[in-house]
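Colleague:
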Amino acid sequence: MAILQFMLSGMKQTAVPTSIHCDHLVEAYEGADLDVARSWQTSREIYEFLQAASQRYGIAFWRPGSGIIHQLVLENYAAPGTLMLGTDSHTPNAGGLGMLAIGVGGADAVDAMADIPWELKAPRVLGVQLRGKLHEWGNPKDVILALAGKLTVRGGTGSIIEYFGDGVNSLSCTGMATICNMGAEVGATTSVFPYTPSMARYLAATQRAAIATAADAQQASYLSADAQVAADPAKYYDEVIDIDLSTLEPGYNGPFTPDLYTPRSKMSDTVKTEGWSDKVSAALIGSCTNSSYQDLSRAASLARQASARGLRVAEGTEFLVSPGSEQIRATMERDGIQEAFEAIGAKVLANACGPCIGQWNRDENPVVKNKETNSIVSSFNRNFRARNDGNPNTMNFLTSPEMVLGAALGGRLSFNPMTDSLVDAKGQSFKLEPPSGDELPTRGYATGRTEYEPLLDHQPSKPIPISPSSTRLQTLEAFVPWNGQEFSNTRVLVTVQGKCTTDHISAAGKWLKYKGHLENLARNTLIGAANAALDGQVNTVRNAISGLEPSVGSIPDVAMSYKQAGVPWLVIADYNYGEGSAREHAAMQPRFLGCNMVIARSFARIHETNLKKQGVLPLVFARPDEDYFIFAKDPHELVVSTHGVVGLNENTPTVQVTVERVQNGKVVETHNIECVHTMSADQIGWFKAGSALNLIASQQKAAH
């Protein structure tokens with residue numbers, strides 16, 4: 189979608205180095221090579237479009253199977269002290285290499301690609317002081333799992349998380365990347381570590397020693413905290429959280445939310461008290477969060493202990509491994525790590541996102557087919573309901589690769605690999621020794637298959653193929669500019685109750701194939717949202733317009749009926765609306781269907797910006813704990829108008845909203861509600877133009 193938007197900008201070439209990564213459309217099913225080949229069969233049209241666009245605009249193109257964007261960025265592009273934008277919420281992964289890496293929507297990326305200054309509201313800085321050193325079973329993942337438990341999914345919103353303290357130097361570069369990666373789950377703008385010797389070692393191992401030399405020269409001046417900050421952190425950070433690595437337990441976060449933290453020592457009892465399904469139906473290692481050499485080598489050390497005793501994974505437990513890149517896969521194969529996993533029953537998947545984002549063909553498994561309650565354990569970063577396999581009753585517990593391997597062998601959530609015994613092939617009980625593994629491969633990284641090297645072949649006249657009859661790709665049409673009037677006669681489509689992530693607004697899984705076709709993708713708009721007015725029913729709303737059918741229908745169907753009738757509509761939302769993925773589709777789809785406003789108790793940062801980019805006005809209740817509930821009863825009867833959209837400016841953040849309840853054509857109730865906007869002068873320009881892209885295109889046209 190970012191490329192489709194860039195095509196409307198009028199630019200001939202990207203203004204900054206840009207890369208495209210095909211990691212979202214490879215479905216996990218039969219195994220690595222077969223799945224990649226199948227992906228080419230089902231998504232060739234998309235890949236050929238992306239490759240042609242890359243050639244036309246001078247963009248590096250990474251083929252499907254080459255790896256996950258964040259691992260490839262860490263291996264090839266990330267550098268200490270630099271700034272990067274990425275169209276994925278886990279872009280901060282590169283903070284593990286001292287980079288300020290920020291996840292944005294596609295329209296924000298287009299700004300950078302079009303040489304337009306990128307704007308961000310000045311964030312708070314949250315300092316996390318790390319002390320001591322992780323114990324034998326500890327993994328850097330445990331740091332962010334515990335932190336998510338403290339902060340919750342919105343505790344980091346509007347903040348950059350900066351790590352400091354003596355414990356930092358005990359962590360590997362890839363371990364720090366894991367921590368930064370999952371900072372997205374607390375709503376942080378980004379996370380970053382100071383430059384350390386482990387970063388220099390990683391740069392050297394990935395053939396970038398010259399960058400390490402340059403960083404070494406600047407470390408004291410620019411790439412680490414000043415001495416006075418370390419001496420008195422409370423004076424310099426907006427908030428300070430202290431974590432003792434030496435006492436930190438392995439954690440399990442979930443189900444259904446990445447901030448529900450349970451330490452390993454309490455997990456067995458919690459499984460019983462919460463009534464969670466104890467049996468582990470699948471154990472999954474990998475993803476952009478935990479697919480480093482260190483992660484895989486430590487997990488493999490446990491696998492070798494089991495296979496030496498004649499053990500395989502527990503009966504009924506599927507064990508899947510997703511390497512983060514071709515370089516990792518090739519090194520894993522060369523060093524016997526893949527063999528160790530396969531010896532206990534693992535299936536190695538493609539170098540792609542796979543099950544983490546719902547690209548997992550598990551349809552024939554009875555737990556999915558029958559929508560049974562079941563538990564999976566993964567080293568992923570996100571675990572929203574129905575995200576991984578489409579089954580709303582699959583409970584995903586996020587943990588470290590070592591704990592995932594333990595769960596695969598024990599077959600139960602209640603199994604504690606640090607203390608509990610296994611029974612070997614001879615019937616003898618034994619306990620696992622603590623895991624061990626190398627920070628970096630002693631023989632260096634293997635290069636892997638040459639066909640997975642990036643293509644950089646600038647051909648400015650290269651045609652970009654988009655068939656008019658395609659169901660997967662659609663040329664974007666510019667959104668209509670604002671008409672200069674106050675909003676009036678706007679209907680409330682839905683009052684969203686509780687958690688509403690971008691997965692709820694624009695589902696992934698089977699819908700990912702339509703990411704390049706806005707009209708088709710719009711058919712999934714808000715299908716995961718619970719309606720406060722209908723006792724929390726999901727994807728069900730009343731139709732407000734007399735004579736329109738159906739009187740009760742799915743959210744996208746009713747939204748489309750409003751669009752066809754020329755009726756504008758808005759969404760009322762709960763706290764942290766739009767948390768999760770950076771996908772701009774969650775803003776573009778409502779806009780396409782006629783949404784002009786979203787009024788929320790609060791927003792997640794990226795989604796709020798995405799709404800602004802697409803010409804949708806995001807407002808926050810000035811009294812969120814009172815005014816939200818006006819919309820919780822029969823919102824289909826409510827008609828909304830505004831006072832303050834005309835004359836909108838950054839120095840007057842208030843917009844008055846008038847809400848009228850209409851029954852049988854008569855106004856029976858009126859409320860005047862104060863709302864607040866966060867629009868800057870530039871963002872108001874986007875709104876007036878109809879979208880940021882409209883403004884870019886008009887500026888390009890004027891310049892030429």
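In short: position in the sequence shown from 1, add 188, done, that's my numbering.
We put the beta carbon where it would ideally sit given N, CA and C, even for glycine.
These figures come from a predicted structure and were not determined experimentally.
Beta-carbon separation of L411 and G286 under 7 Å?
Modeller: Closer than 7 Å, so yes.
Colleague: Count the other CB atoms, across all protein chains shown, that sit within 10 Å of the CB of K854; report buried if there are 16 or more and exposed otherwise.
Modeller: Exposed: under 16 other Cβ atoms inside 10 Å.
Colleague: What is the rounded straight-line gap between the Cα of E525 and the Cα of G625?
Modeller: Per the sequence presented here, residue 525 reads as Ile, with Glu not at that position. Going by the C-alpha atoms only, they are around 10 Å apart.
Colleague: Between which residues of its own chain and A721 is the CB-CB distance below 7 Å, once the five residues before and five after are set aside?
Modeller: Counting only Cβ-Cβ distances below 7 Å, and skipping sequence neighbours, we find T683, A820, K821, D822, P823.
Colleague: Of all Cβ atoms in chain B, is any one closer than 7 Å to the Cβ of Q777?
Modeller: Going by chain labels, chain B is absent from the structure shown, which holds only one protein chain.
Colleague: The beta strand (DSSP E) that contains Q851, what's its start and end?
Modeller: Looking at the DSSP string, the run of the beta strand (DSSP E) that includes Q851 is 842-851.
Colleague: Could you compute how far the alpha carbon of P629 sits from the alpha carbon of S879?
Modeller: The straight-line gap from Cα to Cα measures roughly 48 Å.
Colleague: Taking all protein chains shown into account, do 16 or more other C-beta atoms lie within 10 angstroms of the C-beta of E373, making it buried, or fewer, making it exposed?
Modeller: Label assigned to E373: buried.
Colleague: Going by other Cβ atoms of all chains shown within 10 Å of its Cβ, with 16 needed for buried, is F817 buried or exposed?
Modeller: Classification of F817: exposed, given that the 10 Å Cβ count is below 16.
Colleague: Looking at the strands, I want to know which residues DSSP matches up with K800.
Modeller: Bridge partners of K800: none, in fact.
Colleague: Secondary structure at G274, three-state DSSP: helix, strand or coil?
Modeller: If DSSP states are grouped into helix, strand and coil, G274 belongs with the strands.
Colleague: Using only CA atoms, which one of D813, N882, L883, L881 lies nearest to I861?
Modeller: Closest by alpha carbon: D813.
Colleague: Using the DSSP secondary-structure output, state which residues sit across from T678 in a beta bridge.
Modeller: Answer is V828, bridged to T678.
Colleague: With H773 and K703 assumed to form a contact (beta carbons below 8 Å), what rounded beta-carbon distance in angstroms separates them?
Modeller: That pair is a contact at about 7 Å.
Colleague: Just checking my contact of G291 with G343 at CB under 8 Å: how many whole Å lie between their CB atoms?
Modeller: With a Cβ gap of about 17 Å, G291 and G343 do not count as contacting.
Colleague: Spell out the partners DSSP gives L593 in its beta bridges.
Modeller: The partner list for L593 (beta bridge, DSSP) is empty, contrary to what the question assumes.
Colleague: Using the C-alpha atoms, what's the distance from I564 back to D612?
Modeller: D612 and I564: Cα-Cα distance of roughly 23 Å.
Colleague: Tell me where the alpha helix (DSSP H) around W757 begins and ends.
Modeller: Run containing W757: none in the alpha helix (DSSP H); it sits in the beta strand (DSSP E), 757-761.
Colleague: Classify R811 as buried or exposed, calling it buried when 16 or more other Cβ atoms lie within 10 Å of its own Cβ.
Modeller: When all chains shown are included, R811 counts as exposed.
Colleague: Grab me the residues of L308's own chain with a C-beta within less than 8 Å of its C-beta, minus the 5 sequence neighbours each way, in chain order.
Modeller: Around L308: I290, T377.
Colleague: May I have the straight-line CA-CA distance separating E767 from L781, to the nearest angstrom?
Modeller: Cα to Cα, the separation comes out at about 21 Å.
Colleague: Spatial neighbours of A488 within its chain, please: C-beta separation below 6 Å, excluding the five flanking residues on both sides.
Modeller: Closer than 6 Å at the Cβ level, and outside the excluded window around A488, lie I525, A528.
Colleague: Since G363 and Q482 should fall inside the 8 Å C-beta cutoff, what is the C-beta to C-beta distance between them, to a whole number of angstroms?
Modeller: Yes, G363 and Q482 are in contact; Cβ-Cβ is about 7 Å, under 8 Å.
Colleague: Please determine if the region 462-475 and the region 502-509 are in contact, where contact requires at least 3 C-beta pairs separated by less than 8 Å.
Modeller: With a cut-off of 8 Å, the region 502-509 and the region 462-475 count as touching, because enough Cβ pairs lie within range.
Colleague: Are at least three pairs of beta-carbons, each pair with one atom in the region 537-548 and one in the region 216-225, less than 8 Å apart?
Modeller: Taking 8 Å as the limit for Cβ pairs, the verdict is that the region 216-225 does touch the region 537-548.
Colleague: I think L681 touches V729, with their Cβ atoms under 8 Å apart; what is that distance to the nearest whole Å?
Modeller: Contact holds; Cβ gap of about 6 Å.
Colleague: Are there three or more Cβ pairs, one per stretch, closer than 8 Å when the region 194-203 is compared with the region 291-307?
Modeller: Touching, yes, given that three or more Cβ pairs across the two stretches are closer than 8 Å.
Colleague: Rounded to whole angstroms, how far is the Cβ of L826 from the Cβ of R849, which I believe are closer than 8 Å?
Modeller: Yes, L826 and R849 are in contact; Cβ-Cβ is about 6 Å, under 8 Å.
Colleague: Does the distance from the C-beta atom of R600 to that of D457 stay below 7 Å?
Modeller: For R600 and D457, no; Cβs fall outside 7 Å.
Colleague: So V759 and P778 are in contact, right, with Cβ under 8 Å, and what is the actual spacing, rounded?
Modeller: Sure, about 7 Å apart at Cβ, within 8 Å.
Colleague: Could you give the residue range of the alpha helix (DSSP H) that holds L161?
Modeller: No statement about residue 161 is possible, as the shown extent of the chain runs from 189 to 892 and does not include it.
Colleague: Pull up the DSSP beta-bridge partners for G442, would you.
Modeller: Answer is none; G442 lacks a bridge partner.
Colleague: Under a three-way DSSP split, which group does F585 fall into?
Modeller: Strand.
Colleague: If we count Cβ pairs, one from each stretch, closer than 8 Å, do we get three or more for the region 635-653 versus the region 237-246?
Modeller: In short, these stretches touch, since the Cβ pair count reaches three.
Colleague: Tell me whether the beta-carbon of P756 lies closer than 7 Å to the beta-carbon of N784.
Modeller: Contact flag set, yes.
Colleague: Quick check on the DSSP output: the alpha helix (DSSP H) that includes R517 runs from which residue to which?
Modeller: 514-522 is the extent of the alpha helix (DSSP H) around R517.
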